[in-house]
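K.L.:
Here it is, the structure, as structure tokens.
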Amino acid sequence: MDLNSAIDMLNNENSNANGEKSAFVAIVGKPNVGKSSLLNRLIGQKLAIVSRKPQTTRTRIMGVLTENEHQLVFIDTPGLVKSRNALDDYMVRSVNESVAGVDACLLVVEADQKVSKADLELIKKFTDMGIPAVLAINKIDLVPDKTVLMKQIETYAGMFDFVAVVPVSAQSGSGIEPLKEELKKLCMDGGHMFSADTLTDQPERVIAAEIVREKVLRLLDKEVPHGVAVVTESMEESEFLTEIHAVIYTEKDAHKGIIIGKGGQMLKKIGTQARIDMERFFDTKINLQLWVKVKEDWRLRPNVLHTLGFDKSDFDN
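In the working numbering, the protein residues as written are 802 to 1118.
Rendered as structure tokens:
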């Protein structure tokens, strides 16, 4: 037996002795069913941005939940959409890659809604790839008549043999603990993949940019379309303060003016709300400086998407 084999055997023995188990779980579903909100509720910390606009999540965001011997590694995917531009191509490919590389999937659907085309496509993937899946029926707090949930459960149960079906509310937290327990049953021996205090694999610059983008989408829900991207250009830490410089990119000059606002008031409001969330997440004082720039039709141009932080290889095929 060589040294590497001996080390692997020792590590496996230690892992099994500790009873540590883990599972990689992709959170999937059509846009705007609450996947990001559910991830944040499961982790107990805001990792993915949330807004009323659909397709808020653009990249896979990994969140890690460690409770005693169980570790759940969540991948929050973009909503499965019909491709209209290079950004949509990236999002669809992100979903497909996530489903292909996990131990299980968590399909999120909205309470009292019909089965969507996206749901059918995802269920077909589960079937073709032999992936176990849990169904979470979200937003049950918005459905007064709970008998409709039984019909919805019967419909989905007839399409796929889900490991479990759990009605939940990401907003109120109802059903979250039962959902965790069902997901923990999918964990396998082999130890934890991350240290117990790990929350996400996302770089701090990405988290900072996503926090700013969330504030833009929330504060300008009606005025500015979805064509907004944020890039953290610099992030310098000192003992008592972190200096963050970020640029908000939009597709039109008119949108730039709206984001800045009269006398710079809207940009100031965006910055203030983002700074409060950043200080809570990074546990330090933040000096946030924001700029707004125009990149016309950036969602249609793979090279521009690459400059905004998306992986260029995802647009080459």
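Don't be surprised by glycine CBs; every beta carbon is placed ideally from N, CA and C.
(1) From this set, 869, 871, 877, 870, which residue's C-alpha is nearest residue 863's C-alpha?
(2) Could you check which residue in 974, 925, 977, 986 has the C-alpha nearest to that of residue 957?
(3) Assuming residue 870 and residue 939 form a contact by the criterion Cβ under 8 angstroms, report the distance between their Cβ atoms to the nearest whole angstrom.
(4) Are the region 1064-1074 and the region 1030-1039 touching, with three or more C-beta to C-beta distances below 8 angstroms?
(5) What does a CB cutoff of less than 7 angstroms around residue 1120 pick up in its chain, not counting 5 residues either side in sequence?
(6) Jot down the residue ranges of each uninterrupted alpha helix (DSSP H) in the region 964-999, minimum 4 residues, whole runs only, in chain order.
(7) Looking only at its chain, what residues have a beta carbon closer than 6 angstroms to the beta carbon of residue 1046, apart from the 5 residues adjacent to it on each side?
(8) My output table needs one value for residue 1018: the three-state DSSP class, helix, strand or coil.
(9) Return the Cβ separation of residue 823 and residue 989 in integer angstroms, given the expectation that the two are a contact with Cβ distance under 8 angstroms.
(10) Hey, how far is the Cα of residue 932 from the Cα of residue 1057?
(11) Taking all protein chains shown into account, decide if residue 880 is buried (16 or more other Cβ within 10 angstroms of its Cβ) or exposed.
(12) Could you tell me which uninterrupted alpha helix (DSSP H) segments, each at least 4 residues in length, are contained entirely in the region 1034-1098, listed from first to last along the chain?
(13) Identify whether residue 822 lies in helix, strand or coil by the three-state DSSP scheme.
(14) Touching or not, the region 963-975 and the region 999-1009, by the rule of three or more beta carbon pairs under 8 angstroms?
(15) So, helix, strand or coil for residue 839, using DSSP?
(16) Taking all protein chains shown into account, do 16 or more other C-beta atoms lie within 10 angstroms of the C-beta of residue 866, making it buried, or fewer, making it exposed?
(17) Would you report the Cα separation of residue 1054 and residue 1038, rounded to the nearest angstrom?
(18) Would a C-beta distance cut-off of 8 angstroms place residue 908 and residue 936 closer than the cut-off?
(19) What do you get for residue 927, buried or exposed, if any count of 16 or more other CB atoms within 10 angstroms of its CB means buried?
(20) Identify which residue in 1009, 1004, 923 has its Cα closest to the Cα of residue 963.
P.N.:
So, to answer that:
(1) 877
(2) 925
(3) Not quite, the Cβ-Cβ distance comes to about 28 angstroms (not below 8 angstroms), so this is no contact.
(4) no
(5) The chain is shown only over 802 to 1118; residue 1120 falls outside these bounds and no answer can be derived.
(6) 977-985
(7) 1034, 1035, 1090
(8) helix
(9) 7 angstroms
(10) 44 angstroms
(11) For residue 880, the predicted structure reports a pLDDT of 45, less than 50, and the residue's modelled location is therefore unreliable. A value from the coordinates is still provided. The residue is buried, with at least 16 neighbouring Cβ atoms inside 10 Å.
(12) 1054-1061, 1066-1083
(13) strand
(14) no
(15) helix
(16) buried
(17) 33 angstroms
(18) yes
(19) buried
(20) 923
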